[in-house]
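Start counting the sequence shown at 415; every next residue gets the next number (our numbering).
A short write-up of the structure that comes next.
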Amino acid sequence: MNRVDRRLVDLIELGFHLPLTLCTNEALEAVRMDPTRLVVKNLHDADRQKVAVVDVANGWPDEFSMCSEDWRDAWTNFLQILPEVLEPEGVERFRRHHDFLVKQPNFKVRFPAILRFDINIRRDYFWGRKCVPFYPGTPEYAAGLAQEQTDWSMEAVTRGATGRQPSAAATLSGNRFNPYSRGGGGFGGGADSGGSQRPFREGRSSASAGPLCLICAEGGHRAGVCTRTKLGNGAQTLALFSRGKLIAASSGKELCMAWNAGGRTPCTHFRCPRGPSAHLCSFCGSADYHAGSKRCL
Numbered sequence: 415m416n417r418v419d420r421r422l423v424d425l426i427e428l429g430f431h432l433p434l435t436l437c438t439n440e441a442l443e444a445v446r447m448d449p450t451r452l453v454v455k456n457l458h459d460a461d462r463q464k465v466a467v468v469d470v471a472n473g474w475p476d477e478f479s480m481c482s483e484d485w486r487d488a489w490t491n492f493l494q495i496l497p498e499v500l501e502p503e504g505v506e507r508f509r510r511h512h513d514f515l516v517k518q519p520n521f522k523v524r525f526p527a528i529l530r531f532d533i534n535i536r537r538d539y540f541w542g543r544k545c546v547p548f549y550p551g552t553p554e555y556a557a558g559l560a561q562e563q564t565d566w567s568m569e570a571v572t573r574g575a576t577g578r579q580p581s582a583a584a585t586l587s588g589n590r591f592n593p594y595s596r597g598g599g600g601f602g603g604g605a606d607s608g609g610s611q612r613p614f615r616e617g618r619s620s621a622s623a624g625p626l627c628l629i630c631a632e633g634g635h636r637a638g639v640c641t642r643t644k645l646g647n648g649a650q651t652l653a654l655f656s657r658g659k660l661i662a663a664s665s666g667k668e669l670c671m672a673w674n675a676g677g678r679t680p681c682t683h684f685r686c687p688r689g690p691s692a693h694l695c696s697f698c699g700s701a702d703y704h705a706g707s708k709r710c711l
């Protein structure tokens, strides 16, 4: 990768996020022809040490505005950069991550959410050189991707309601993708799913139709759109959904959606809120089991 400016590699090595907008063929060629295109400034790293790194916002497009073609182009180069900064295991992890994403059905339509999920994965992994592992294809990973799609779709609906032109993702609002899907229509399918189209091993009975709501325990809708205040047994619902998070109504503490859906212990989901109150059943508040087991119903 001698055509990649060393300052881009240094950005990752110093624990900063390298936007894919700087990894497209066009961007790499522009820097090769004119190295001054990369402006360096002093920033503080995770250890609060002052370091000189590339100012990724100076003269370069916002990564969140990338199109799918540029994203694919940039990922090809990014994968060639990674061996410069990661051990083979880390490179392979990102290769599986990339392969999982590009194999999603209706990739171009779902791309806005896929892009946001991908940016968050890369930023969280490299920031501060922590390299906290993630596991492409696992239930928690697939749930994070599905939740990003739901969030994006709901935001698109809001944009439409306020008169702004919604993006292509808004067309997905009527077809909510969920991490509990048995078939290949959701985000669960693809590489590294272990041959199973069911991203969560538990969480719904064979008779349920659609995803299991983590608020009311009914099938057919997700927590993000639930308006019920009672469980099927007549008990008051314990949780509510606010600003993209599952919240315990009594305490205001965030509950872990991935753990409540799948019950994986220890929970390694990158969006897990952590803490003693994160892993409580969203139906009854018990720490002995997750909501997907439906043991309290």
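Every residue gets a Cβ at the ideal spot worked out from N, C-alpha and C, and that includes glycine.
Quick check: what's the CA-CA separation for ALA557 versus ARG636? Along the sequence shown, one-based indexing puts residue 557 at 143. Along the sequence shown, one-based indexing puts residue 636 at 222. When rounded, the distance between both Cα atoms is 12 Å.
Keeping to the same chain, check which residues put their C-beta closer than 6 Å to that of ARG757; ignore five residues upstream and five downstream. The chain is shown only over 415 to 711; residue 757 falls outside these bounds and no answer can be derived.
Cβ of PHE531 within 9 Å of Cβ of LEU559? Working through the sequence shown from its first residue, we reach residue 531 at position 117. Working through the sequence shown from its first residue, we reach residue 559 at position 145. Yes, these two residues count as a Cβ contact at 9 Å.
Per-residue DSSP class, three states only, for ALA556: By 1-based counting over the sequence shown, the position of residue 556 is 142. Three-state DSSP puts ALA556 in a helix.
Can you tell me which of the three DSSP states GLY633 falls into? By 1-based counting over the sequence shown, the position of residue 633 is 219. Strand, per DSSP.
Going by DSSP, what residues sit across from ILE661 in a beta bridge? Residue mapping note: residue 661 aligns to position 247 of the sequence shown, counting from 1. ILE661 pairs with LEU654 and GLU668.
I want to check one thing, is the minimum distance from the CB of LEU436 to the heavy atoms of the ligand SAH below 8 Å? As for the ligand SAH, it is missing from this structure, which has no ligand bound.
SER707 to GLN518 span [Cα, whole Å]: Counting from 1 along the sequence shown, the entry for residue 707 is found at position 293. Counting from 1 along the sequence shown, the entry for residue 518 is found at position 104. Cα to Cα, the separation comes out at about 28 Å.
Would you kindly work out how many angstroms separate the C-alpha atoms of VAL470 and LEU457, rounded to a whole number? Within the sequence shown, residue 470 is the residue found at index 56, counting from 1. Within the sequence shown, residue 457 is the residue found at index 43, counting from 1. One C-alpha to the other measures close to 12 Å.
With a threshold of 9 Å between beta-carbons, can HIS693 be considered close to chain D, or not? Among the protein chains of the structure shown there is no chain D, as only one such chain exists.
Between which residues of its own chain and ALA663 is the CB-CB distance below 7 Å, once the five residues before and five after are set aside? The count along the sequence shown starts at 1 and reaches residue 663 at position 249. Only LEU652, ALA653 and LEU654 meet the Cβ criterion.
Along the chain, where does the alpha helix (DSSP H) containing LYS522 start, and where does it finish? On the sequence shown, residue 522 is found 108 positions in, with the first residue counted as 1. Here the alpha helix (DSSP H) through LYS522 covers 521-540.
In the DSSP assignment, what are the bridge partners of LYS455? Within the sequence shown, the letter at position 41 stands for residue 455. Bridge partners of LYS455: VAL467.
In angstroms with no decimal places, state the Cα-to-Cα distance between ARG507 and THR643. Looking up residue 507 in the sequence shown gives position 93. Looking up residue 643 in the sequence shown gives position 229. Taking the straight line joining both Cα atoms gives about 42 Å.
Could you check what DSSP says for ARG417 in three-state terms: helix, strand or coil? Walking along the sequence shown from the start, residue 417 turns up at place 3. In this structure, ARG417 counts as coil in the three-state DSSP scheme.
Quick one: what does DSSP say LEU425 is sitting in, helix, strand or coil? Counting from one through the sequence shown, the residue named residue 425 turns up at place 11. It is helical.
Within its chain, find whatever has a CB closer than 7 Å to the CB of LEU730; leave out the 5 residues flanking it on each side and keep chain order. The displayed coordinates of the chain run from 415 to 711. Any statement about residue 730 would go beyond what the structure contains.
For PRO433, is the classification buried or exposed, using 16 other Cβ atoms within 10 angstroms of its Cβ as the cut-off for buried? Locating residue 433 in the sequence shown gives position 19, where the first residue counts as 1. Flag for PRO433 reads buried.
Own chain partners of CYS545 with C-beta closer than 8 Å, once the 5 adjacent residues on each side are dropped: As a working note, residue 545 is residue 131 in the sequence shown. Excluding sequence neighbours, CYS545 sits near LEU500, GLY504 and TYR539.
Since LYS644 sits in a beta bridge, which residues does DSSP pair it with? Here residue 644 corresponds to residue number 230 of the sequence shown, with the count starting at 1. DSSP lists GLN650 as partners of LYS644.
Buried or exposed: where does PHE548 fall if 16 or more other Cβ atoms within 10 Å of its Cβ makes it buried? In the sequence shown, counting from the first residue as 1, residue 548 sits at position 134. Under this definition PHE548 is a buried residue.
For LEU694, the three-state DSSP class (helix, strand or coil): Within the sequence shown, numbered from 1, the residue matching residue 694 stands at position 280. Coil, per DSSP.
Please classify ALA570 as buried or exposed, where buried requires at least 16 other C-beta atoms within 10 Å of its C-beta. As a working note, residue 570 is residue 156 in the sequence shown. The residue is buried, with at least 16 neighbouring Cβ atoms inside 10 Å.
I need the straight-line Cα distance from THR435 to LEU669, nearest angstrom please. Here the question's residue 435 lines up with position 21 in the sequence shown. Here the question's residue 669 lines up with position 255 in the sequence shown. Going from the Cα of THR435 to the Cα of LEU669 covers about 34 Å.
Tell me which residues share the same chain as ASP487 and place their Cβ nearer than 7 Å to its Cβ, disregarding the 5 neighbours each side in the sequence. Here residue 487 corresponds to residue number 73 of the sequence shown, with the count starting at 1. The residues are THR438 and ASN439.
Rounding to the nearest angstrom, what Cα-Cα distance links CYS710 and LYS455 in this structure? As a first step, residue 710 is located in the sequence shown; it is residue number 296 there, counting from the start. As a first step, residue 455 is located in the sequence shown; it is residue number 41 there, counting from the start. Rounded to whole angstroms, CYS710 to LYS455 spans 56 Å at the Cα level.
Which one of PRO449, ASP484, ALA631 and LEU442 has the shortest CA to CA distance from GLN650? Counting from 1 along the sequence shown, the entry for residue 650 is found at position 236. That would be ALA631, whose Cα lies nearest to the Cα of GLN650.
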